[in-house]
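Participant: Mind having a look at this structure? Questions to follow.
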Amino acid sequence: MIPAKFDYVRAGSVSEAIALLDKYGDEAKLLSGGHSLIPAMKLRLNRPAVLIDIGHLSELKSITEEGDEVVVGANCTHKQIATSELIASQASVLAEAARTIGDVQVRNRGTIGGSLAHADPAADYPAALLAAEAQIEVEGKNGRRKIPAADFFQGMYTTALADDEVVVAVRLPKGSQGTYEKFFQPASRFAIVGVAVVKRNGGVQVGITGASDTPYRATAVEQAYAEKGVDAAELAAEGVDMMEDHFADAAYRAHLAKVLTRKALA
Amino acid sequence: MGNFIGKSVKRKEDVRFLTGKGRYTDDIKLPGMTHAAFVRSPYAHAKILNIDTSAALRAEGVVAIFTGSDECGNYGVPCGWQVNFKNGETMREPQQPLLAKGKVRYVGEAVAIVIAETLEQARDAAELVEVDYEELPAVTNPKEAMQDGAPLVHDQWPDNRAFDWCIGNDRAEVEKALASAHHVTELEYVNQRLAPNAIEPRSYIADYNVAEDKWTLYTSTQNPHLIRLLLCAFALGIPEHKVRVVSYDVGGGFGSKIFHYTQEALLTWVTKQIGRPVKWTADRSEAFLTDAHGRDHVVKAKMGFDKEGKIVALLADEYCAMGAYLSTFAPAIPTYLHGTLFQGLYTTPLIHLDVTAPFTHTVPVDAYRGAGRPEATYLLERLIETGAKEMGMDPADIRFKNFIPAFDGVNQPGYQTQVALQYDSGNYAPVLKRALEMVDYENFRKEQAEARKQGKLLGIGISTYIEACGIAPSAVVGALGARAGLYEVGEVRVQPTGKVSIYTGSHAHGQGHETTFAQIVADKLGISIEDVEIIHGDSEQSAFGMGTYGSRSLAVGGSAIVKSIEKVLEKGAKIAAHKLEAAVEDLEYADGKWTVKGTDKSISFGDVALTAYVPHDYPEGVEPGLDFSSFYDPVNFTYPFGAHIAVVEVCPDTGKVTLKRFVTCDDVGNVINPMIVDGQVHGGVVQGIGQALLEGVVYDENGQMVSGSYMDYAMPRADDVPMIETDRTVTPCPHNPLGVKGAGEAGTIGATPAVVNAVVDALWHLGVRDIAMPLTPARVWAAMQGKS
Amino acid sequence: MKISLTVNGKQYAHEVEPRMSLTHYLREVLNLTGTHIGCDTSSCGACTVLLDGVAVKSCTILAVQADGCEVTTIEGLAQGSDLHPIQEAFREHHGLQCGFCTPGMVMTAVDILQNNPNPSEEEIRHGLEGNFCRCTGYHNIVKSIQHAAEKINA
C-alpha cells in the first residue's frame, strides 16, 4: 500500500506549522506520529497534497504542571502518557486510556495530538478527556484557544479544530484520577465501548467512546449517581444512538456501555 | 539407527530466518524488473461496459496496460479436480479468466493490469484506468444462491449449481433409521467462511528470457511443479521444459498457496509481451479479496441414537459455496475430503451426506488448513456432544461407547467405513482417556458446579477427530476425480565426498522439512546431520513433485526419500563388497559403514561414495555414481486421530469467552521430530480456536466484503490464547516405511468443535444449545438472553 | 527529498520520495529484506524495527520522518555469527516456523525485555499484541522470550 504523492515539509516551530497550514489550506495535513494519518493515506482514503511534519517539535513533547492543571503536549506518545508519573498521580484516567491503545509499537510512536485530531469514534482518549473535563488547547493564526473536550468531538472524524489550527496540548484538571474500562474490538483493538470515570467532589464524571458515532458524556448516569450509586450505570446509553457493526449490534453496545460503566463506577 | 529420528533436533533453517536472510519472493529483485498493479472490480457482480486506459497509459513510468480484451483475456486457470453430478453429468466448470471479460463476478476480480517502472507508478496509473460498470444484483450465501430467482453467477447455468454430490448409505435407509431412533439430535448451522491469512501475502515475479525462449516464475506457492504443470499444460499452453518455477521461502500457506492463481499465469504471459521481468505482491487488502477462502458450508444435520447412546444413523444436507469460479482443488473439499470423514471415530452403521455446491458472487472457496475435514469433525462432534447432553449422558462416555475398537492394520485389517475410506490403523480410546486425565475431567465437573454457585460460567468441551492425510494413492484419487497423481518424488544425490543432497518435491513453508528430512537421511545413512542438505522449491532442481498440503510431506515425500536411500544402500553394498572382497550378503550396514559380519573389516559410506565417482577399482556391471530418485505412491491415505479438550470461562456480564486451558492428545503415528510436531499442533489449534471465537469473512447484501482488513477481520493474538498442553499416543501407520501419519492439520481439525462445545457446556443450564461461529461476545451474550 | 540516517550502525544518505515508507526504504533502497510487510493497517507487526531504540511499525513511518534517526533491523541484531540471546532462544525453543513474522517478533521482544527484564507469561503475551503469527500459536514464541529473559538476566 502506497499513499498518493504529496510534498513533505518539516515545520521548525508551531508558528511555522500554522503559517504553512494557512498557506496550503485544506490541501495540507499535519503529521505527528502518523499512526492515524499514514494508514488512511496508504489506503488512499486521505490524500493531502502536503504533509507538514510537526512530530519532532520538542516544544510539544513535555508533560508539565501549570497551576491546577496537568498539561500534556500534543506530541507526547501514548507510551509517554501511560508511564508518566505526573499523569499517574494527577490525571490517571488518561494513562489508563493510553495503555489500552493499539499495541507496544503503536504506543511508542502514536501521539495524543494526532489521535485527537483524527477523532476516530472508537478512540480511547476521548472518553478519558470527557470524564476529566479536559480542555484541548489549539493554536491558529488568530492565536491560542482552549476547547472543552465536550465541544471538541463533533462527530465521526470531525472536531472543532479549524483548518489552520494545530492541537498543541491537552489540559486536564489535577485530580483527574479515574479508571478506564474498555471492551476491545478484537481486530482493530479500538474500543467497541470504552468508559472512563473520574470521581470528583463526591460526584462522578463519565465519558463514553466507541458506542456512538461521537464520544459522549453520560450525563444521565452522572445525575443519577448520587441517588442510585452504581445502578446509575443503567442509564449509560440513555438517549444515545448506538453504532452497529459485525462485532456488535446496537443492543449489545448499549449493554456494554452499562456493564462497563458499572464496573468503572465500582 | 536412532541418533536423530524421534529427537527434537533444532531446525537447520532457523538461522536464516532469525537473521533476516530468508528468501521470500518479494525479497527478490531482478535487473530491469517492472511492477504490476491491478484495477479491481468494486462490485460483486457487474457488466463491464467500457475500460478506458488512455489516461493511465500516459502516466509517468507506465510500460503497458492489459485488459480482458487483450490476448490474455482468452486464457484462464484450470480446476484440478472433477466432481460429477449425482446423475453422472460432469460438474459445471467456468473458465476462471486471467482478467475479467464482459462481466465481473466478485469484488476484487481483476479487470486490468498496469505495468510500470516502479510500484508507486503502477499504483498511481491504476487509479487512472476508468471502468464503466453496470452493477447487477449479487448473491454470496450458498443457500440463497440455490433459491429460485437468485442472481446468476454464470448465465449459462440457470440454477447456480456447480454440482451436487452424495456419499454413504442409501438416503431412504438412513432416514428410516432416524425415524425409529430412540433420540435424534438435529443442528442447523453455518461453518463460516474464513480468510486463510498466511502472514506473507502472495507474491510473484515472472521473467522471460528471449534469447533462451525460457520463462522463470518465482512464486509463493506450496507446490512449484504442480503450478508449472497447470500453467504450461492448461493455463497458457507453453512448453513445460521451457518454464522454471521457483518457490524458495514461503511465509505460510495453510492451503491458500496450493492453488494456481490467475496472477501467476497473467504475469508469465505479461513478461513475454514486455520483454522484462514483472513483479506483483499482494497487499493484505488484496489478499482478503483474492486469496481463495475456506469453509462456507450451510449445514443441516441429524444424528440418531439408541437408548444406550450408540449412534444409529447420521444424515446431513449441506450447501457449500464454490465462489465465482472453481479454484484448483475446490470441488474436492466439500466432497471427497469431507463426506469421506463422516465415520469419524465411531461405529455409525448408516451415514448419508448430500452436498449442493453453488457458485456465489465471491472469491473462490478452496482448501484451508484441514480442508473438508474440520467441517466433518465439527458436524460430528457438535452432534454427538449435543446428543449426549440432550440424553443426559456424559459427553466423554458417549464417545467411548461409540469408538471403533482398536485395530493395527497388520494383524487386524483396516476399518472399512460407510463412506468409502478404509482406515489404516487406530486405537481411539487411549487418546480420549489421556486427554481427560490431562484436564482432570472429573475434578473439573466439581469445580464447574462450585463455580456456577458463585456465578462463574465454566465450560468444558471435547472433540475427537480423525483425518485422512498423506493424500494419497494416485489411482484412488484419480477415480475420485483428481486430475493429477498424488505421489511424491525424492532424490538422493550422494556427492563424491560422501555429503548428501536431497531433492524433494515436497515444499516447506514453515513445516521444517530441511530438518525432519535430514534427520531421516542422517539416521538411515548413519552420517552427521550436517552432511545432509535438503533442496526443495525449484522445478529445475527436483525432478518433479506434487508439493505440500493435506499433511502429506512426511508420509509421502519422506517415504520417497527413504525409498531412494534404500537404493543407495543397495548399490553402496555392491561397491563395499567389492572393496572388502566379501559377498554382499555377508555385509551389514551400521554407523555409516559396511562391515563384514563377525570381522572388523569395514568401509565407510564416504569411501564408498568416493569409489562410486572414482571407479578405478570397481565391481563389474555396476554403473559409476551414487544417486537415485524414487516416486512413492502410497497405498492408502494415513489416518491420524486425537482428542482435544477446551476449558473456557464465559463472562456472565459481557459474554466474552476466555480460553482457560487447551489440552490435546494426538496420534500422528511415529514421530520424527517431537518439537516440530508439537509446533504444528500448537499452531493448528490456535487456527481452530480462531474459527471458533474470532474469525469470519462477512459480506454485506451487495456482496461487499466488510471484513477485508485486519481492522475488521479478527485473528488470534498472543493474549487471546493459553499455552497448549500436548501429549501423544503412537499408533504407527502400517503402510509407509516411516510409520508416520502427518501432523499439519490435526490441531485445526480438533480445536474448533472443542471450543464451541465448551462454550455451550458453560451455558447449557441457561438453555443455550448452539451459537453461530465465530462466538463473538455479542453472539454469546445474545444466546444467554435466549436470543440466539 | 534527501535523508540521512543510521541503520545497524552504518550511516546512509539517500534521495527519497516523501511517500516512501521506512519499510520500503529498508527493503528496496538498502536491500535489507529481513523487515517484512504483512498488512496495510499497522496491525501485523512483521515490519517492526527499532527506531532510536524503541520498537515501531516501520510500515507506518515515512522514511523522511526517520531522517536523523537510528534504526536497528533484524539484520543488525546478531554480533557477527553470534546470535542475539533472543534470536538464540527462538532457535532453541522453536519460536518460528515459516519465519515471516519472526523478524518483527524478535524486534518486539527486544522492546518488551528492555522495558521489563522479567516479564510474566501474561506480560509477554500482552507485549506481543501488535504481532500476528499464523504458524506457532504463539506458544513457543512466548516460551522463547521467557527463556531469552532468563539468559539475558543470568
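Line order of the protein sequences matches chains A, B and C.
Numbering that gives the first Met the number 0 numbers the first residue of the first sequence as 0 and each following residue consecutively.
Numbering that gives the first Met the number 0 numbers the first residue of the second sequence as 0 and each following residue consecutively.
Numbering that gives the first Met the number 0 numbers the first residue of the third sequence as 0 and each following residue consecutively.
Ideal Cβ positions, reconstructed from N, Cα and C, are used throughout, including at glycine.
In chain order, what residues of the same chain lie with their CB nearer than 8 Å to the CB of Q417 of chain B, ignoring the 5 residues before and after it?
Facilitator: G167, N168, F341, Q342, T347, P348, L349, I350
Participant: Which bits of chain A does E128 of chain C rub up against, with CB to CB less than 9 Å?
Facilitator: G101, D102, V103, R188
Participant: According to DSSP, simplified to helix, strand and coil, what is M155 of chain A?
Facilitator: coil
Participant: With DSSP as the reference, label H34 of chain A as helix, strand or coil.
Facilitator: coil
Participant: Mapping the DSSP letters down to three states, classify A356 of chain B as helix, strand or coil.
Facilitator: strand
Participant: Taking V720 of chain B as the reference, give the member of B:P363, B:A750, B:A176 with the closest Cα.
Facilitator: B:A750
Participant: Report yes or no: do the stretch 361 to 373 of chain B and the stretch 285 to 299 of chain B share at least 3 C-beta pairs separated by less than 8 Å?
Facilitator: yes
Participant: I need the straight-line Cα distance from D407 of chain B to T730 of chain B, nearest angstrom please.
Facilitator: 7 Å
Participant: Please return the same chain residues whose Cβ sits closer than 8 Å to the Cβ of E133 of chain B, not counting the five positions on each side in sequence.
Facilitator: A45, K46, L48
Participant: Kindly indicate which three-state DSSP category H351 of chain B falls into: helix, strand or coil?
Facilitator: Collapsing the DSSP output to three states places H351 of chain B in a strand.
Participant: Using 10 angstroms around the beta-carbon of S119 of chain C, count the other beta-carbons present and answer buried if the total reaches 16, otherwise exposed.
Facilitator: exposed
Participant: Would the stretch 454 to 464 of chain B count as touching the stretch 618 to 629 of chain B if we require 3 or more Cβ pairs under 8 Å?
Facilitator: Segments in contact, no.
Participant: So, with DSSP's three-state summary, where would you put Q784 of chain B?
Facilitator: coil
Participant: Which partner residues does I146 of chain A have in the DSSP bridge list?
Facilitator: A:I135
Participant: Does any CB atom of chain A fall closer than 7 Å to the CB of E119 of chain B?
Facilitator: yes
Participant: Determine, for A771 of chain B, whether the minimum Cβ-Cβ distance to residues of chain A falls below 7 Å.
Facilitator: With a threshold of 7 Å between beta carbons, A771 of chain B makes no contact with chain A.
Participant: In the stretch 700 to 723 of chain B, which residues sit with their C-beta less than 7 Å from some C-beta in chain A, listed in chain order?
Facilitator: V705, S706, Y709, M710, D711, Y712, A713
Participant: Whole angstroms are fine: how far does the CA of G766 of chain B sit from the CA of M783 of chain B?
Facilitator: 8 Å
Participant: From the beta carbon of F16 of chain B, is the nearest beta carbon of chain C less than 7 Å away?
Facilitator: yes
Participant: Considering only C-alpha positions, which residue in the set B:K573, B:K592, B:T594 is nearest to P614 of chain B?
Facilitator: B:K573
Participant: Using the beta-carbon count (16 or more within 10 Å), is Y709 of chain B buried or exposed?
Facilitator: buried
Participant: Closer than 7 Å by beta-carbon distance: list the chain C residues that pair up with N196 of chain B, in chain order.
Facilitator: R133
Participant: Can you give me the start and stop residues for the alpha helix (DSSP H) that H681 of chain B sits inside?
Facilitator: 673 to 692
Participant: Within its chain, find whatever has a CB closer than 6 Å to the CB of Y502 of chain B; leave out the 5 residues flanking it on each side and keep chain order.
Facilitator: The beta carbon of Y502 of chain B is closer than 6 Å to those of E490, I534, Q540, S541 in its chain, skipping five residues each way along the sequence.
Participant: According to DSSP, is K299 of chain B part of a helix, a strand, or is it coil?
Facilitator: strand
Participant: Comparing C-alpha positions only, which one of C:D81, C:L25, C:V109 sits nearest to V63 of chain C?
Facilitator: C:L25
Participant: Which of the three DSSP states, helix, strand or coil, is assigned to P150 of chain B?
Facilitator: coil
Participant: Buried or exposed for P801 of chain B, going by 16 or more other Cβ atoms inside 10 Å?
Facilitator: Only positions 0 to 787 of chain B appear in the structure, and residue 801 of chain B is not among them; the question remains open.
Participant: Expressed to the nearest angstrom, what Euclidean distance is found between the alpha-carbon atoms of Y631 of chain B and G484 of chain B?
Facilitator: 11 Å
Participant: Chain B beta carbons: is any one of them nearer than 7 Å to that of P125 of chain A?
Facilitator: No, because no Cβ of chain B sits closer than 7 Å to the Cβ of P125 of chain A.
Participant: Nearest CA to the CA of K278 of chain B: which residue from B:K306, B:T610, B:D206?
Facilitator: B:D206
Participant: Starting from the beta carbon of P185 of chain A, find every residue of chain B whose beta carbon is closer than 7 Å, and list them in chain order.
Facilitator: L693, A713
Participant: Which bits of chain B does I91 of chain C rub up against, with CB to CB less than 8 Å?
Facilitator: Checking the displayed sequence, the identity of residue 91 of chain C turns out to be Glu instead of Ile. Per Cβ cutoff of 8 Å: K9.
Participant: Note down, in chain order, every chain C residue with its Cβ under 8 Å from the Cβ of G66 of chain A.
Facilitator: Within chain C, no residue comes near G66 of chain A; the closest Cβ sits about 32 Å away, beyond 8 Å.
Participant: Does any C-beta atom of chain C lie closer than 7 Å to the C-beta of V684 of chain B?
Facilitator: yes
Participant: State yes or no: is the C-beta of Y156 of chain A within less than 7 Å of the C-beta of A96 of chain A?
Facilitator: no
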